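Residue 290, in full-length UniProt numbering, is where the sequence shown stops; the numbers in between run on with no holes.
Worksheet: one structure, shown below.
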Amino acid sequence: MSEQTPYIFDATTADFDQSVIEASFNKPVLVDFWAEWCAPCKALMPMLQGIAESYQGELLLAKVNCDIEQDIVARFGIRSLPTVVLFKDGQPVDGFAGAQPESAVRALLEPHVQMPPPAAADPFEQAQALFDDGRYADAEAALVVMLTEDNTNAKALILYARCLTERGELDEAQTVLDAVKSDEHKAALAGAKAQIKFLGLARDLPDAADLKARLAKDPQDDEAVYQLAIQQLARQQYEAALEALLKLFIRNRSYGEGLPHKTLLQVFELLGNDHPLVTVYRRKMFAALY
1 MSEQTPYIFD ATTADFDQSV IEASFNKPVL VDFWAEWCAP CKALMPMLQG
51 IAESYQGELL LAKVNCDIEQ DIVARFGIRS LPTVVLFKDG QPVDGFAGAQ
101 PESAVRALLE PHVQMPPPAA ADPFEQAQAL FDDGRYADAE AALVVMLTED
151 NTNAKALILY ARCLTERGEL DEAQTVLDAV KSDEHKAALA GAKAQIKFLG
201 LARDLPDAAD LKARLAKDPQ DDEAVYQLAI QQLARQQYEA ALEALLKLFI
251 RNRSYGEGLP HKTLLQVFEL LGNDHPLVTV YRRKMFAALY
């Protein structure tokens, strides 16, 4: 019951005036009067500690062991445990006796203690979240701000190139990727380059509908299988593309001097090692190899 942090501490008779009364002129101090024999006290204290932690120093929590600090108990007329008193500007301003739900304690504190502002989100993480939600223009705008401040930020450059790729600016995206000099984000860089390659290849290939018509006539048309997989990759239809590439790899792994295998690896780079499709199809590919 004696966990200490910079804003959670034991208050004693010797230091009560300084640690509670004087301190309350700077920050509100919640005083928890408790005892070892008091079961409700032991249930309440962890909750009070969690509340104090959530205020990140805007609220202090002083714990008074009533079995030891009898002078403080007598000074404030504490008659039942647990008793909790909020001090502000040197005076008790609110409190309660007995166990209370967290919502009631927070409601008591709300008029007297201001919650700290939420920690500012990392700008790159915000941009990544926007990109993942398909809000490419918003992600691009956020990345432009970041890159105005630091045009060597490798992960921002790579994601910015992905945004450009999504709106068809493949040459500009490639130029951005060529500006990445850091080796720290090799996988992300390779994935971005793979995306540009697939989109670039797809522009020069027959339409997906034409390729499907060819395959309807001849399911063994390896060229149509491969080209349709590229069209699917360009449209982010990853599972269909991976399935087609794997079957082509198993049937004719030498097609195009090993294109099915090379392309599978490029898709793995594009999606990243943690993607569930990569886990499944990497295992299938290795099973086919060995």
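Even for Gly, the Cβ is constructed at its ideal location relative to N, Cα and C.
Predicted, not measured: the structure shown is a model, and the values here were computed from it.
> Smallest Cα separation from K27: which of D10, A62, E125?
Replying inline: Here the question's residue 27 lines up with position 27 in the sequence shown. Comparing Cα positions, the closest option is A62.
> Where K284 and E184 are concerned, what is the direct C-alpha to C-alpha distance, given to the nearest angstrom?
Replying inline: Indexing the sequence shown from 1 puts residue 284 at position 284. Indexing the sequence shown from 1 puts residue 184 at position 184. If you take the alpha carbons of K284 and E184, they lie about 29 Å apart.
>> Can you find the residues in the same chain that come closer than 8 Å, C-beta to C-beta, to D150, ignoring five residues on each side of it along the sequence?
In response: The count along the sequence shown starts at 1 and reaches residue 150 at position 150. Excluding sequence positions up to five before and after D150, its CB lies within less than 8 Å of the CB of A156, all in the same chain and listed in chain order.
> Should N65 go down as buried or exposed, given a rule of 16 or more other Cβ atoms within 10 Å for buried?
Replying inline: Numbered from 1 along the sequence shown, position 65 holds the residue referred to as residue 65. Flag for N65 reads buried.
> Hey, how far is the Cα of V278 from the Cα of D204?
Replying inline: As a working note, residue 278 is residue 278 in the sequence shown. As a working note, residue 204 is residue 204 in the sequence shown. Rounded to whole angstroms, V278 and D204 show a C-alpha spacing of 27 Å.
>> With H, G and I counted as helix, E and B as strand and the rest as coil, what does DSSP make of D32?
In response: Here residue 32 is taken as the residue at index 32 of the sequence shown, counted from 1. D32 sits in a strand when the DSSP states are folded into three classes.
> So the alpha helix (DSSP H) V93 belongs to, where does it begin and stop?
Replying inline: In the sequence shown, counting from the first residue as 1, residue 93 sits at position 93. Run containing V93: none in the alpha helix (DSSP H); it sits in the beta strand (DSSP E), 91-97.
>> With H, G and I counted as helix, E and B as strand and the rest as coil, what does DSSP make of V176?
In response: Working through the sequence shown from its first residue, we reach residue 176 at position 176. Three-state result, V176: helix.
> If we ignore side chains and look at the alpha-carbon of each, how far apart do A161 and A192 end up?
Replying inline: Sequence index remark: in the sequence shown, residue 161 carries index 161 (1-based). Sequence index remark: in the sequence shown, residue 192 carries index 192 (1-based). Rounded to whole angstroms, A161 to A192 spans 7 Å at the Cα level.
>> Our contact map puts P6 next to G57 with C-beta atoms below 8 Å; I'd like the distance itself, whole angstroms only.
In response: Within the sequence shown, the letter at position 6 stands for residue 6. Within the sequence shown, the letter at position 57 stands for residue 57. Contact holds; Cβ gap of about 7 Å.
> If you draw a straight line from the alpha carbon of L211 to that of Q231, how long is it in whole angstroms?
Replying inline: Here residue 211 refers to the residue found at position 211 when the sequence shown is read from its first residue. Here residue 231 refers to the residue found at position 231 when the sequence shown is read from its first residue. C-alpha separation (whole angstroms): 9 Å.
> Is it the case that the Cβ atoms of A137 and A127 are separated by a distance below 9 Å?
Replying inline: Locating residue 137 in the sequence shown gives position 137, counting from the first residue. Locating residue 127 in the sequence shown gives position 127, counting from the first residue. No, Cβ-Cβ distance for A137 and A127 is not below 9 Å.
> Are Y238 and V280 touching if we call contact CB-CB under 9 Å?
Replying inline: Start at 1 with the first residue of the sequence shown, and residue 238 comes out as number 238. Start at 1 with the first residue of the sequence shown, and residue 280 comes out as number 280. No. Outside cutoff.
>> With a threshold of 8 Å, are at least 3 pairs of Cβ atoms found where one atom belongs to the region 169-187 and the other to the region 247-260?
In response: Cβ pair count under 8 Å is below three, so no.
> Using a Cβ-Cβ cut-off of 7 Å (strictly less than) and excluding sequence neighbours within five positions of C41, which residues of its own chain qualify?
Replying inline: The sequence position of residue 41 within the sequence shown is 41, counting from 1. Close CB contacts of C41 within its chain, under the 7 Å cut and outside five residues either way in sequence, are with W34, A35, L81, P82 (chain order).
> If C163 and L143 are in contact, beta carbons under 8 Å, what's the gap, nearest whole angstrom?
Replying inline: By one-based count along the sequence shown, residue 163 stands at place 163. By one-based count along the sequence shown, residue 143 stands at place 143. Correct: roughly 7 Å between the Cβ atoms.
>> Could you check whether I8 and G90 sit closer than 9 Å to each other, using their CB atoms as the reference points?
In response: Looking up residue 90 in the sequence shown gives position 90. Looking up residue 8 in the sequence shown gives position 8. Between G90 and I8, the gap from beta carbon to beta carbon reaches 9 Å or more.
> Near F96, which residues of its chain fall below 6 Å by C-beta distance, leaving aside the five closest residues on each side in sequence?
Replying inline: Position 96 of the sequence shown, counting from 1, holds the residue named residue 96. Beyond the five residues adjoining it in sequence on each side, F96 comes within less than 6 Å, by CB distance, of V84 in the same chain, given in chain order.
> Taking C-alpha atoms, which residue in H112, P101, S19 lies nearest to Y55?
Replying inline: Locating residue 55 in the sequence shown gives position 55, counting from the first residue. Relative to Y55, the option among H112, P101, S19 whose CA is nearest is H112.
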